[in-house]
Each structure stands twice: as C-alpha cells, then as structure tokens.
Amino acid sequence: VESPGESYESFTARAHEVGAMVIAATDLMALTKLAAPSTWGADIAVGSAQRFGVPMGFGGPHAGFLATSDSYSRKMPGRIIGVTVDSAGKPCLRMAMQTREQHIRRDKATSNICTAQALL
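Residue numbers for the sequence shown follow this note's numbering, so the first one is 4 and each next one is one higher.
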C-alpha cells in the first residue's frame, strides 16, 4: 500500500470487501510517528530493520520483520516470538510457535529460516 489516493482505512475496507488481503511494507523508524498498519486494518506488515545498525554484509543478510494478526499467525512460516514475564517479573521474549516440519519433515517444510548470529 502506497498512497492509495484515499484514507488507508477506507482502502483496506474496500479491499477486504472483495476478499483481498492488505500487506503493508513499512519502515520501523517511520512507525514511531505514523499509525501502525494494524490500526488501519492491514493483514500483514513487512519491512527491514537494517537502519537500526545491523550492517548489510555486502548486500545481506540483514534483519527484517514479518508481522500479522492472530488470524494468520498459524499460517506463517518460521518462528513466532512472543512476550512473556520471567521469574523476576520482567518482560522477556520467548519462542511461542515454530513450524514443526522444520525439524521433522524437512522435505515438506514451509520454511527453512535459520539465522547465523555470526552474520549479524
């Protein structure tokens, strides 16, 4: 979605009326000032986090994100990270879901996502 010529809310509503999904390519820094795609009805948001200091490494890899509403979360490839509370009462991240086939049936996996931390 880029400058649809109408409000994002009305554009998204029209797209959903005909059964289309709305995917927003966003910039994390811009979202500190702009409304999050979920507030105007986007189904999926994607973007790069490279601008937060992860070096490009001769064209990649660099950090990116893929976010969706709960209704699509089980259809997403890879891993879903959630926020929880640790034993000291502090918020922390944990792996909430991952694609089962990644480790069991590799030939039918929906994702082959893996991150080498040495590259970051």
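Cβ atoms here follow ideal geometry from the backbone N, Cα and C, with glycine treated the same way.
Residue i - containing alpha helix (DSSP H), residue span
i	result
S13	Y11 to E20
DSSP state of residue i mapped onto helix, strand, coil
i	result
E104	With a pLDDT of 49 at E104, under the threshold of 50, the modelled position of this residue cannot be trusted; read the value that follows with caution. Looking at E104 - three-state DSSP - the assignment turns out to be helix.
P40	helix
A33	helix
A121	Low local confidence applies: a pLDDT of 48 at A121 is under 50, so the model's placement there is unreliable, with the coordinate-based value given in what follows. If DSSP states are grouped into helix, strand and coil, A121 belongs with the helices.
Residue i classed as buried or exposed, judged by whether at least 16 other C-beta atoms fall within 10 angstroms
i	result
T42	exposed
E40	Looking at the sequence shown, residue 40 is not Glu but Pro. Its Cβ being crowded by 16 or more others within 10 Å, P40 is buried.
V25	buried
Limits of the unbroken beta strand (DSSP E) element including residue i
i	result
S51	I47 to S51
G67	G67 to T71
C-alpha gap between residue i and residue j, whole angstroms
i	j	result
S51	S10	24 Å
S90	S72	28 Å
A99	G67	19 Å
G8	A48	20 Å
I84	V21	31 Å
A38	F14	15 Å
L69	A16	22 Å
A33	F55	12 Å
E12	C95	33 Å
V86	S74	18 Å
A23	D30	23 Å
Residues bridged to residue i (per DSSP)
i	result
L96	V86
A27	A48
Min CB distance residue i to chain E below 8 Å
i	result
P7	Checking the listed chains, one finds no chain E in this structure; it contains a single protein chain.
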